[in-house]
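**Student:** This structure is in structure tokens; I'll ask about it shortly.
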């Protein structure tokens with residue numbers, strides 16, 4: 337459960353910055369939705385940890401587990417705060433957004449065209465993360481979103497991918513999406 | 337300044353998990369040290385933002401900037417909390433650490449041997465992040481650490497690299513460090 341919380345909180349931070357960069361309220365709403373999931377898991381984890389402590393007559397593991405979970409929960413709260421900026425009406429300064437985009441690790445958005453080698457292949461088959469450094473955070477397909485896709489998620493023609501990675505990896509990633517590069 | 341805070345806070349979270357995985361107090365201490373840097377930047381940013389608001393007679397940008405900085409500062413506080421677990425004496429359960437290591441994004445540690453192609457090349461020259469997905473978070477060189485190396489940081493024989501990336505990228509990364517793989 338802690339690992340699940342860790343993974344969701346990291347996705348939330350990435351999505352929060354994405355919502356900011358692309359001034360996208362749908363992504364910001366997802367961050368809020370994921371916060372509910374984190375909270376559920378958090379309370380379940382506390383309960384289980386304490387039950388286990390009573391069983392083992394040993395508080396040590398429960399104390400650490402709950403401490404770590406509390407820290408992770410706090411990270412997810414901060415992600416909500418960041419996303420919340422987007423849900424309000426004062427837009428952040430464009431210079432700020434540009435500098436987030438141009439930092440070493442960036443977030444980019446690209447449409448997959450029909451002649452891309454990604455089409456009909458899963459993220460796992462493509463080995464995108466280990467071969468290009470780019471992580472797909474979310475996919476916009478038609479009018480819905482797939483947030484936090486897994487290695488079994490299949491890319492379709494027309495998908496819009498939201499990806500995070502090193503700025504040097506962006507061009508290759510975009511060329512893969514548009515079919516210009518034929519090799520991952 | 338906000339981008340600097342964002343980058344440091346992300347490094348702090350990664351280092352906090354690293355200190356946990358490798359039960360390493362030196363890394364945990366660095367997280368605490370970085371917190372001081374974050375706080376300094378945070379107060380400077382608040383001051384500058386408010387000065388600018390007075391100059392422009394417009395509160396909007398300052399409000400958003402300070403809100404974002406506050407959220408980032410909160411993330412760095414959580415990283416300190418995580419690292420603090422390591423600085424105390426109750427070690428987390430090995431099963432927990434194993435599952436952090438085996439999550440999709442993992443943290444690994446590897447020594448660079450003298451016949452590695454990395455030796456005497458900078459991280460920028462190697463394009464490690466975009467070619468392998470692995471980010472070097474820190475380097476242990478002799479008895480000191482280089483935390484948050486840049487693209488100009490040169491790898492030396494005997495360095496111990498602490499890197500974060502997709503679990504599928506770990507083997508290639510380790511083989512590059514030991515000289516078994518000769519091509520990034």
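Chains as they are written, first to last, in the numbering used here: chain L, 337 to 520; chain A, 337 to 520.
Quick reminder that beta carbons are idealized off the backbone N, C-alpha and C, glycines included.
#1: For residue 359(L), which residues from the same chain have a beta carbon less than 7 Å from its beta carbon, with the 5 sequence-adjacent residues on both sides left out?
#2: Taking residue 508(A) as part of the alpha helix (DSSP H), name the residues at either end of that continuous run.
#3: Please list the terminal residues of the continuous alpha helix (DSSP H) segment that includes residue 453(L).
#4: Hey, residue 373(L) and residue 344(L) are a contact pair by Cβ (cut 8 Å); roughly how many whole angstroms apart?
#5: Taking Cβ-Cβ distances shorter than 7 Å, what residues in chain A pair up with residue 463(L)?
#6: In chain order, what residues of the same chain have a beta carbon less than 6 Å from the beta carbon of residue 412(A), not counting five sequence neighbours either side?
#7: Span of the alpha helix (DSSP H) holding residue 395(A)?
#8: Identify whether residue 361(L) lies in helix, strand or coil by the three-state DSSP scheme.
#9: Short check: CB of residue 465(L) to CB of residue 351(L), under 8 Å?
#10: Can at least three beta-carbon pairs, one atom from the stretch 394-405 of chain A and one from the stretch 500-514 of chain L, be found at a separation below 8 Å?
#11: Just to confirm before moving on: does the CB-CB distance between residue 469(L) and residue 505(L) stay below 8 Å?
#12: On the CB-based measure, 16 or more other CB atoms within 10 Å of its CB, does residue 501(A) come out buried or exposed?
#13: Is the stretch 400-412 of chain L close to the stretch 378-386 of chain L, with three or more CB pairs under 8 Å?
#14: Can you list the residues of chain L that residue 456(A) reaches, using a CB-CB cut of under 7 Å?
#15: Give me the chain A residues within the contact set of residue 404(L), using Cβ-Cβ distance strictly less than 9 Å, ordered along the chain.
#16: Just the Cα atoms here: how many angstroms apart are residue 503(L) and residue 487(A)?
#17: Using a C-beta to C-beta distance shorter than 7 Å, which residues of chain A count as neighbours of residue 514(L)?
#18: Measure the C-alpha to C-alpha separation of residue 383(A) and residue 337(A) and round it to an integer number of angstroms.
#19: Which residues of chain A have a Cβ atom closer than 7 Å to the Cβ of residue 339(L), listed in chain order?
#20: Are there 16 or more other CB atoms within 10 angstroms of the CB of residue 519(A), so buried, or fewer, so exposed?
#21: Would you kindly work out how many angstroms separate the C-alpha atoms of residue 363(L) and residue 446(L), rounded to a whole number?
#22: Which full runs of the alpha helix (DSSP H) of 4+ residues lie inside the stretch 457-490 of chain L, going along the chain?
#23: First and last residue of the beta strand (DSSP E) that includes residue 430(L)?
**Tutor:** Answer, in terms of the structure:
#1: Stepping through the first chain from its first residue, residue 359(L) is reached at position 23. Answer for residue 359(L): 422, 427, listed in chain order.
#2: Sequence index remark: in the second chain, residue 508(A) carries index 172 (1-based). 506-514 is the span of the alpha helix (DSSP H), which, as asked, contains residue 508(A).
#3: Within the first chain, numbered from 1, the residue matching residue 453(L) stands at position 117. Boundaries for residue 453(L): no alpha helix (DSSP H) harbours it, and the DSSP string shows neither H nor E there.
#4: As a working note, residue 373(L) is residue 37 in the first chain. As a working note, residue 344(L) is residue 8 in the first chain. By a beta-carbon distance limit of 8 Å, residue 373(L) contacts residue 344(L). Their separation comes to about 6 Å.
#5: Locating residue 463(L) in the first chain gives position 127, counting from the first residue. Within chain A, the residues near residue 463(L) are 504.
#6: The residue you call residue 412(A) lines up with position 76 of the second chain. If we look at residue 412(A) and ignore the five residues flanking it on each side, its Cβ neighbours are 345, 348, 371, 374.
#7: Against the second chain, residue 395(A) aligns to sequence position 59. Element bounds for residue 395(A): n/a, residue is neither H nor E.
#8: Counting from one through the first chain, the residue named residue 361(L) turns up at place 25. Helix at residue 361(L).
#9: By one-based count along the first chain, residue 465(L) stands at place 129. By one-based count along the first chain, residue 351(L) stands at place 15. In this structure, residue 351(L) does not lie closer than 8 Å to residue 465(L) by Cβ.
#10: no
#11: Looking up residue 469(L) in the first chain gives position 133. Looking up residue 505(L) in the first chain gives position 169. Closer than 8 Å, so yes.
#12: As a position in the second chain, residue 501(A) is number 165, starting the count at 1. That one is buried.
#13: yes
#14: As a first step, residue 456(A) must be located in the second chain, where it is residue number 120. Within 7 Å Cβ-Cβ: nothing; residue 456(A) doesn't reach chain L, min ~20 Å.
#15: Position 68 of the first chain holds residue 404(L). Here the neighbours are 356, 417, 418, 421, 428, 432.
#16: Looking up residue 503(L) in the first chain gives position 167. Looking up residue 487(A) in the second chain gives position 151. In a straight line, the C-alpha of residue 503(L) is about 12 Å away from that of residue 487(A).
#17: Counting from 1 along the first chain, the entry for residue 514(L) is found at position 178. None at all; the shortest Cβ gap to chain A is about 18 Å.
#18: Numbered from 1 along the second chain, position 47 holds the residue referred to as residue 383(A). Numbered from 1 along the second chain, position 1 holds the residue referred to as residue 337(A). So the alpha carbons of these two residues sit roughly 12 Å apart.
#19: In the first chain, the residue the question calls residue 339(L) occupies position 3. Here the neighbours are 435, 436, 439.
#20: Position 183 of the second chain, counted from the first residue, corresponds to residue 519(A). The residue is exposed, with fewer than 16 neighbouring Cβ atoms inside 10 Å.
#21: Counting from 1 along the first chain, the entry for residue 363(L) is found at position 27. Counting from 1 along the first chain, the entry for residue 446(L) is found at position 110. Cα-Cα distance, rounded: 16 Å.
#22: 459-462, 464-468
#23: Numbered from 1 along the first chain, position 94 holds the residue referred to as residue 430(L). Not the beta strand (DSSP E): residue 430(L) falls in the alpha helix (DSSP H), residues 430-437.
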